[in-house]
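> Take a look at this one; I'll ask things after.
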Amino acid sequence: MKRKLSNQFFINFLVIFLMTILDTVLAFVLLSFASGFISGSLAKNRYPASAIIKENYNQIDASEVVESGGGVQVVDKEYRVVYSKGLDTIGKDKLTVEEFTVFLTESKNKPYHYDILYHPKGEFWLIVSFPTSIRLDFALVYNKAAAASDFMRAGWTIAFVVLSYFSLLALFSFIYSRITAASITIPLNKLCDGTRLLREGDYSVRVDLRLKNEFAELQNTFNDMAARIEHEIFLRKKSEEDRRRLILDLSHDLKNPMSSIQGYVELLMKKSGMTKQERDEHLEIILNNSKRANRLLTELFELSQLDSPEFSLKLAKTEICEYIRQICGELVPLLEQERFQYEFNIPEDNIFAMLDTDRFGRIIQNLASNAMRYNPRGTLVTVSLTVYDNQVLIDFSDDGIGIPDHLADHIFKPFVRADDSRNSKTGGSGLGLSIAKKIAEAHGGDLTLLPNKNKGSTFRITIPAI
Ligand code: ADP
Numbered sequence: 025m026k027r028k029l030s031n032q033f034f035i036n037f038l039v040i041f042l043m044t045i046l047d048t049v050l051a052f053v054l055l056s057f058a059s060g061f062i063s064g065s066l067a068k069n070r071y072p073a074s075a076i077i078k079e080n081y082n083q084i085d086a087s088e089v090v091e092s093g094g095g096v097q098v099v100d101k102e103y104r105v106v107y108s109k110g111l112d113t114i115g116k117d118k119l120t121v122e123e124f125t126v127f128l129t130e131s132k133n134k135p136y137h138y139d140i141l142y143h144p145k146g147e148f149w150l151i152v153s154f155p156t157s158i159r160l161d162f163a164l165v166y167n168k169a170a171a172a173s174d175f176m177r178a179g180w181t182i183a184f185v186v187l188s189y190f191s192l193l194a195l196f197s198f199i200y201s202r203i204t205a206a207s208i209t210i211p212l213n214k215l216c217d218g219t220r221l222l223r224e225g226d227y228s229v230r231v232d233l234r235l236k237n238e239f240a241e242l243q244n245t246f247n248d249m250a251a252r253i254e255h256e257i258f259l260r261k262k263s264e265e266d267r268r269r270l271i272l273d274l275s276h277d278l279k280n281p282m283s284s285i286q287g288y289v290e291l292l293m294k295k296s297g298m299t300k301q302e303r304d305e306h307l308e309i310i311l312n313n314s315k316r317a318n319r320l321l322t323e324l325f326e327l328s329q330l331d332s333p334e335f336s337l338k339l340a341k342t343e344i345c346e347y348i349r350q351i352c353g354e355l356v357p358l359l360e361q362e363r364f365q366y367e368f369n370i371p372e373d374n375i376f377a378m379l380d381t382d383r384f385g386r387i388i389q390n391l392a393s394n395a396m397r398y399n400p401r402g403t404l405v406t407v408s409l410t411v412y413d414n415q416v417l418i419d420f421s422d423d424g425i426g427i428p429d430h431l432a433d434h435i436f437k438p439f440v441r442a443d444d445s446r447n448s449k450t451g452g453s454g455l456g457l458s459i460a461k462k463i464a465e466a467h468g469g470d471l472t473l474l475p476n477k478n479k480g481s482t483f484r485i486t487i488p489a490i
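Residue numbers (the working numbering): 25 to 490.
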């Protein structure tokens with residue numbers, strides 16, 4: 025059976041209250057035991073009125089009472105104080121009947137202990153008084169001689185009081201247990217609901233308990249966990265989508281050159297009487313298409329390698345200015361051959377970075393080959409290097425046709441091309457920038473496309489300087 029927290033709390037509170045009552049009873053028993061234990065040593069018990077009373081009150085010896093801090097008074101039948109020694113709480117020589125009655129009835133409530141004894145023969149009251157140190161008045165008084173009906177009535181009244189007391193106790197325990205349990209069950213239920221939703225696949229669920237206790241910590245941990253799961257699921261979905269798109273794009277891109285190769289080979293095999301020129305043309309188409317397919321597969325292989333967990337760079341401390349100058353130097357003959365203008369702004373400083381020079385060179389090569397492939401002759405290609413905030417920034421710009429702003433975020437994804445020129449001659453694999461970005465990231469840096477200011481496009485490589 026499911027045990028509810030609130031019931032458990034109710035039982036716990038009842039047990040605690042009953043234990044408190046038991047403890048209180050025990051305290052009274054102890055108090056009464058202690059009172060009995062010390063009563064023999066208290067002055068009031070050492071000198072009771074019965075011990076010092078004499079028929080002739082003038083013969084009463086009050087010296088020890090007075091020495092112990094007490095007092096002795098004798099009131100005769102005319103309510104006159106005829107004898108007084110030591111402590112005097114009456115404070116008068118003569119009392120009226122009313123005053124004496126008040127004195128007798130209210131003596132219980134005063135902070136004094138009175139032992140009052142009437143001497144029938146001497147016809148006087150002997151009053152022995154001591155100041156009370158501490159007194160706790162609690163007494164259960166009963167008399168067997170009382171009428172049975174009185175007993176019944178008093179018994180029922182006491183039973184009613186006790187019953188009411190326990191009923192109230194149970195009621196308060198119940199209410200209190202509910203309130204206390206609610207402070208735990210409400211946040212617990214909210215967290216349970218959240219967990220259930222999470223299990224059912226709603227990863228956007230978050231819990232807001234508006235508390236500052238340990239539950240708030242649990243709530244934060246839960247929300248963090250939910251956020252992480254949501255992010256992981258998003259990444260997984262995205263990666264699945266990327267993979268699906270990659271396969272789709274790849275099959276699409278491979279289909280054209282492969283069908284073309286197949287078609288021309290079949291033509292060469294079937295068609296007889298073909299001139300040498302015709303044959304050479306067909307063979308050239310076959311060669312170009314196989315080169316295209318080969319390039320696609322090589323670049324895809326490179327991209328997969330960069331993604332693989334086993335991939336690692338062969339990093340070495342490199343003076344980056346000299347290294348970039350060298351690469352730019354290698355680019356010059358190509359740029360001149362394609363009639364491109366160029367400008368290199370590489371400082372003469374000694375700036376070091378950890379580089380896998382072979383891989384890093386691929387970034388510049390890809391950017392340069394793109395600049396030359398997609399832009400018209402006469403385009404100015406600029407390479408500049410600066411250091412900012414301990415980062416080496418290499419900007420590779422051209423003042424060519426540029427890349428549309430809406431593609432800025434996607435251009436680094438595999439198979440994304442600005443003109444979607446899958447079949448055109450300039451159309452590459454669409455993998456060059458993805459490979460370049462992954463290499464930059466593997467170096468702890470990045471490759472980004474800067475917002476298009478004027479003309480052309482600017483790619484920025486960022487690498488941490490050391
Ligand atoms: P590709 O193999 O198609 O060149 P990339 O990933 O290297 O693949 O480039 C993606 C696309 O970005 C290219 O198809 C091209 O449309 C565009 N692009 C890249 N660099 C430039 C540039 N310097 N100027 C204009 N467009 C560019």
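Positions of the beta carbon are idealized from the N, C-alpha and C atoms, including for glycine.
How long is the line joining the alpha carbons of Pro357 and Leu327, rounded to whole angstroms?
For the purposes of this step, residue 357 is taken as the residue at position 333 of the sequence shown. For the purposes of this step, residue 327 is taken as the residue at position 303 of the sequence shown. Spanning the two alpha carbons is a distance of roughly 28 angstroms.
> In terms of alpha-carbon separation, which member of Arg260, Ala73, Ser481, Leu307 lies closest to Phe420?
Position 396 of the sequence shown, counted from the start, is the residue given in the question as residue 420. Of the listed residues, the one whose Cα sits closest to Phe420 is Ser481.
> Express the C-alpha separation of Lys479 and Ile425 in angstroms, rounding to a whole number.
Looking up residue 425 in the sequence shown gives position 401. Looking up residue 479 in the sequence shown gives position 455. Cα to Cα, Ile425 sits roughly 7 angstroms from Lys479.
> What would DSSP say about Tyr412, mapped onto helix, strand or coil?
In the sequence shown, the residue the question calls residue 412 occupies position 388. Reduced to three states, the DSSP call for Tyr412 is strand.
> Give the secondary structure of Phe57 by DSSP, where H, G and I count as helix, E and B as strand, and everything else as coil.
Stepping through the sequence shown from its first residue, residue 57 is reached at position 33. Three-state result, Phe57: helix.
> Check whether the region 97–105 touches the region 137–150, taking contact to mean three or more Cβ pairs, one atom from each stretch, closer than 8 angstroms.
Cβ pair count under 8 angstroms is three or more, so yes.
> Quick check on the burial criterion: 16 or more other C-beta atoms within 10 angstroms. Buried or exposed for Ala58?
Translated into positions along the sequence shown, residue 58 becomes position 34. With fewer than 16 other Cβ atoms within 10 Å, it is exposed.
> For the region 195–207 and the region 33–44, state whether three or more C-beta atom pairs, one from each stretch, are separated by less than 8 angstroms.
Contact holds: three or more Cβ-Cβ distances are below 8 angstroms.
> Could you round the C-beta distance between Leu379 and Leu339 to whole angstroms and report it? I think they count as a contact, below 8 angstroms.
For this step, residue 379 is matched to residue 355 along the sequence shown. For this step, residue 339 is matched to residue 315 along the sequence shown. Between Leu339 and Leu379 the Cβ distance is about 7 angstroms, and since that is below 8 angstroms, they are a contact.
> Can the beta-carbon of Asp422 be found less than 8 angstroms from the beta-carbon of Ala464?
Indexing the sequence shown from 1 puts residue 422 at position 398. Indexing the sequence shown from 1 puts residue 464 at position 440. Contact flag unset, no.
> Just checking Tyr227 against the ligand ADP - is the residue's beta carbon closer than 7 angstroms to any of the ligand's heavy atoms?
Sequence index remark: in the sequence shown, residue 227 carries index 203 (1-based). Flag unset: Cβ of Tyr227 not near the ligand ADP.
> Under a Cβ-count criterion, where at least 16 other Cβ atoms within 10 Å of its own Cβ denotes burial, should Lys462 be classed as buried or exposed?
Mapped onto the sequence shown, residue 462 falls at position 438. Under this definition Lys462 is a buried residue.
> Could you say which of Tyr81, Arg484, Leu292 lies nearest to Ile310 if we only look at CA atoms?
Counting from 1 along the sequence shown, the entry for residue 310 is found at position 286. Closest option to Ile310, Cα to Cα, is Leu292.
> For the ligand ADP, is there any heavy atom lying closer than 7 angstroms to the beta carbon of Asp433?
In the sequence shown, counting from the first residue as 1, residue 433 sits at position 409. Checking the Cβ of Asp433 against the ligand ADP gives no.
> Starting from the C-beta of Ser448, find all residues in its chain whose C-beta is less than 6 angstroms away, skip the five residues before and the five after it, and write them out in chain order.
If you number the sequence shown from 1, residue 448 lands on position 424. Confidence is the limiting factor: at Ser448 the pLDDT is only 45, short of 50, which leaves the residue's position unreliable, though a coordinate-based value still follows. None.
> Kindly list the residues whose CB is nearer than 6 angstroms to the CB of Ser157, restricted to its own chain and excluding five residues on each side of it in sequence; keep chain order.
Locating residue 157 in the sequence shown gives position 133, counting from the first residue. The answer is none, since no qualifying residue turns up.
> What is the residue span of the alpha helix (DSSP H) that Gly287 lies within?
As a working mapping, residue 287 is identified with position 263 in the sequence shown. Here the alpha helix (DSSP H) through Gly287 covers 238–294.
> Who are the Cβ neighbours of Asp139 in its own chain at under 6 angstroms, not counting the five residues just before and after it?
Position 115 of the sequence shown holds residue 139. Excluding sequence neighbours, Asp139 sits near Pro72, Ala73, Val152.
> Looking at C-alpha atoms only, which residue of Phe384, Thr342, Ala392, Asp382 is the closest neighbour of Ile375?
Translated into positions along the sequence shown, residue 375 becomes position 351. For Ile375, the nearest C-alpha among the options comes from Thr342.
> Going by C-alpha to C-alpha distance, which of Ile84, Pro400, Val231, Val49 sits closest to Gln243?
As a position in the sequence shown, residue 243 is number 219, starting the count at 1. Checked all of Ile84, Pro400, Val231, Val49; the closest Cα to Gln243 is Val231.
> Please state whether DSSP places Ser157 in a helix, a strand or coil.
Start at 1 with the first residue of the sequence shown, and residue 157 comes out as number 133. DSSP places Ser157 in coil when its eight states are reduced to three.
> Just to confirm, are Ile344 and Ala392 a CB contact at a threshold of 8 angstroms?
Position 320 of the sequence shown, counting from 1, holds the residue named residue 344. Position 368 of the sequence shown, counting from 1, holds the residue named residue 392. No, Cβ-Cβ distance for Ile344 and Ala392 is not below 8 angstroms.
> May I ask you to verify whether the region 313–324 touches the region 269–288, counting CB pairs closer than 8 angstroms and requiring at least 3?
As far as the Cβ criterion goes, the region 313–324 touches the region 269–288, which means the pair count is three or higher.
> Answer yes or no: the CB of Asn394 versus the heavy atoms of the ligand ADP, is any distance below 7 angstroms?
Within the sequence shown, the letter at position 370 stands for residue 394. Yes, the Cβ of Asn394 comes within 7 angstroms of a heavy atom of the ligand ADP.
> Mind reading off the beta-carbon distance from Glu323 to Ser453? Whole number of angstroms is fine, and I expect it under 8 angstroms.
For this step, residue 323 is matched to residue 299 along the sequence shown. For this step, residue 453 is matched to residue 429 along the sequence shown. At roughly 5 angstroms, the Cβ-Cβ gap stays under 8 angstroms, so Glu323 and Ser453 are in contact.
> Report the CB separation of Gly94 from Phe154 in whole angstroms; it is logged as a contact under 8 angstroms.
By 1-based counting over the sequence shown, the position of residue 94 is 70. By 1-based counting over the sequence shown, the position of residue 154 is 130. Indeed they touch by this definition, with Cβ atoms about 4 angstroms apart.
> Within its chain, find whatever has a CB closer than 7 angstroms to the CB of Ile208; leave out the 5 residues flanking it on each side and keep chain order.
The count along the sequence shown starts at 1 and reaches residue 208 at position 184. Same-chain partners within the cutoff: Leu29.
> Would you give the residue range spanned by the alpha helix (DSSP H) that Leu192 belongs to?
Sequence index remark: in the sequence shown, residue 192 carries index 168 (1-based). It spans 172–223 - the alpha helix (DSSP H) in which Leu192 sits, taken as one unbroken run.
> Determine the extent of the beta strand (DSSP E) in which Leu141 is found, giving its start and end residues.
Working through the sequence shown from its first residue, we reach residue 141 at position 117. Unbroken beta strand (DSSP E) run through Leu141: 136–143.
> Taking just the CA atoms, how far does Pro211 sit from Arg223?
On the sequence shown, residue 223 is found 199 positions in, with the first residue counted as 1. On the sequence shown, residue 211 is found 187 positions in, with the first residue counted as 1. Using only the alpha carbons, I get a separation of about 18 angstroms.
> Among Phe325, Glu290, Lys300, Ile487, which residue has its Cα nearest to the Cα of Leu270?
Stepping through the sequence shown from its first residue, residue 270 is reached at position 246. Closest option to Leu270, Cα to Cα, is Phe325.
> Which complete beta strand (DSSP E) runs does the region 42–120 hold, if anything under 3 residues is left out?
Correct list: 95–100, 105–110.
> Is DSSP giving Ile485 helix, strand or coil here?
Here residue 485 corresponds to residue number 461 of the sequence shown, with the count starting at 1. Residue state, collapsed to three classes: strand.
> If I measure Cβ to Cβ from Ala63 and keep anything under 8 angstroms in the same chain, skipping five residues before and after, which residues do I get?
Along the sequence shown, one-based indexing puts residue 63 at 39. The identity of residue 63 in the sequence shown is Ser, whereas the question assumes Ala. Cβ within range, chain order: Asn69.
> Roughly how many angstroms separate the alpha carbons of Asp433 and Glu302, rounded to a whole number?
Mapped onto the sequence shown, residue 433 falls at position 409. Mapped onto the sequence shown, residue 302 falls at position 278. Going by the C-alpha atoms only, they are around 45 angstroms apart.
> If I'm right that Leu150 touches Ile77 with Cβ under 8 angstroms, what's the distance once you round it to whole angstroms?
Here residue 150 corresponds to residue number 126 of the sequence shown, with the count starting at 1. Here residue 77 corresponds to residue number 53 of the sequence shown, with the count starting at 1. Rounded, the Cβ-Cβ distance is 5 angstroms, consistent with contact.
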